[in-house]
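Residues 0 to 261 in numbering that gives the first Met the number 0 are what the sequence shown spells out, letter by letter.
Heads up, the beta-carbon is just placed ideally off N, CA and C, and yes, glycines get one too.
Notes follow once the structure below has been shown.
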Amino acid sequence: MEKLNVFGLNVSNFNLNEIDELYLRTINDDKKIILFGHSLGYLTLFKIFPSLYPIINSFDVLVCDGTQFNWFCYLNGFKLKTVISIPDITNYTLEYANKMGLRVLLFGAKDQINKKASENLQKKYLNAVILNGINGYFKENEELNIIDKINESKPHILLVGISTPIKEFFVHKYKDKLNANIIIPCGGMIDVYSGFTKQSPPLIKKLGLATPFRIMQEPKRLLFMHSWMVFEILFKIVPITIFNKLKSKSSNFNIVLKYINK
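Below you can see the structure in the form of structure tokens.
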């Protein structure tokens, strides 16, 4: 699968047929892949957690997560075959699981929310096998027990809906130990599948307003952090990108390292 280097960010360039083929090979050969998504908001987290950058950049499939990041790529001359967010590719993967009769396990959220999400998905995807999920509240010394629980279920698809950056560090640390083929750190999608929150409507997402829509649902938890992210993007990341592109007259620079060290 082709990968573009977007100012130091690996972005997978694919069509959905290629994803289907990758899934089929991965499951047939009993291999493991991690899917994740770059977004402008995540770039701000690299300043807080510098070790997160090489971890995420090493994941197997990196989609363009968020309309703003798609605009960022397009305006800087990077053309993607498919623009699909993590929520949408998670939905697409569940459709694939239903078509192929695969086992799916949800890891994250509270017990009640996880159970409700699993029940809702089983009702919607009758041909998939939605396994008993695992809540996302644990201590570091409990991680190996969680790995054992996941491996006992032998899911083809593992959706990890725990907090950032815990989920990224977790899947990176235990990828080789996990008995799962397709691993997707999927953010708040378990909450969405339970009905606790709603996924952004297509028009809202197309207009680049998915983040405000998400904040409106949980303002106390999200408002401060996302306001800080917007400030960093508008007044640091975008100006740094413009300056370095004009200075070098090319895309041969690493926006993450320049932002982190600014």
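Rounded straight-line distance, which links the Cα of residue j to that of residue i
i              : j                : result
asparagine 180 : threonine 25     : 6 angstroms
leucine 233    : isoleucine 241   : 11 angstroms
lysine 261     : asparagine 12    : 29 angstroms
glutamate 151  : glycine 7        : 38 angstroms
valine 255     : tyrosine 52      : 8 angstroms
tyrosine 73    : leucine 3        : 12 angstroms
glutamate 1    : leucine 34       : 14 angstroms
asparagine 16  : valine 62        : 15 angstroms
isoleucine 145 : leucine 222      : 31 angstroms
aspartate 28   : aspartate 147    : 22 angstroms
lysine 109     : phenylalanine 68 : 30 angstroms
alanine 96     : tyrosine 124     : 8 angstroms
glutamate 141  : isoleucine 183   : 21 angstroms
lysine 248     : asparagine 75    : 11 angstroms
lysine 98      : aspartate 87     : 17 angstroms
isoleucine 18  : valine 10        : 14 angstroms
glutamate 139  : isoleucine 156   : 23 angstroms
leucine 245    : glycine 40       : 23 angstroms
asparagine 56  : serine 50        : 10 angstroms
threonine 66   : leucine 143      : 37 angstroms
histidine 225  : serine 117       : 29 angstroms
lysine 172     : lysine 166       : 10 angstroms
Within 8 angstroms, strictly: CB atoms of residue i and residue j
i                : j                 : result
lysine 31        : lysine 174        : yes
threonine 81     : asparagine 14     : yes
threonine 89     : leucine 158       : yes
glycine 187      : threonine 196     : yes
isoleucine 239   : lysine 257        : yes
isoleucine 54    : phenylalanine 169 : no
phenylalanine 45 : isoleucine 259    : yes
isoleucine 161   : glycine 100       : no
tyrosine 192     : asparagine 119    : yes
Residue i in three-state terms, based on DSSP
i                 : result
glycine 36        : strand
asparagine 12     : strand
lysine 31         : coil
glutamate 1       : strand
valine 159        : strand
leucine 79        : coil
proline 184       : strand
phenylalanine 106 : strand
leucine 120       : helix
leucine 61        : strand
Close Cβ partners of residue i (< 7 angstroms) along its chain, the five nearest in sequence each way excluded
i                 : result
aspartate 64      : Gly36, His37, Ser38, Ser84, Ile85
leucine 130       : Arg102, Val103, Leu104, Ser152, Pro154
phenylalanine 252 : Phe6, Asn243
glutamine 198     : Pro86, Val191
Residues near residue i in its chain [Cβ-Cβ closer than 6 angstroms; skip 5 each side]
i              : result
threonine 43   : Met228, Glu231
aspartate 59   : Ile32, Ile33
asparagine 178 : Asn150, Lys153
lysine 122     : none
lysine 176     : Ile146
Same chain, Cβ closer than 8 angstroms to residue i, neighbours up to 5 away in sequence not counted
i                : result
glutamate 217    : Thr196
phenylalanine 48 : Pro164
leucine 236      : Here residue 236 is isoleucine; the residue named in the question, leucine, does not match the sequence. Once the five neighbours on either side are set aside, the close Cβ partners of isoleucine 236 are Leu39, Leu42, Thr43, Ile254, Tyr258.
Note to self: Can you confirm whether the stretch 98-113 touches the stretch 126-135 when touching is taken to mean that 3 or more C-beta pairs between the two stretches lie within less than 8 angstroms?
What the structure shows: In this structure the stretch 126-135 touches the stretch 98-113; the number of beta carbon pairs closer than 8 angstroms is three or more.
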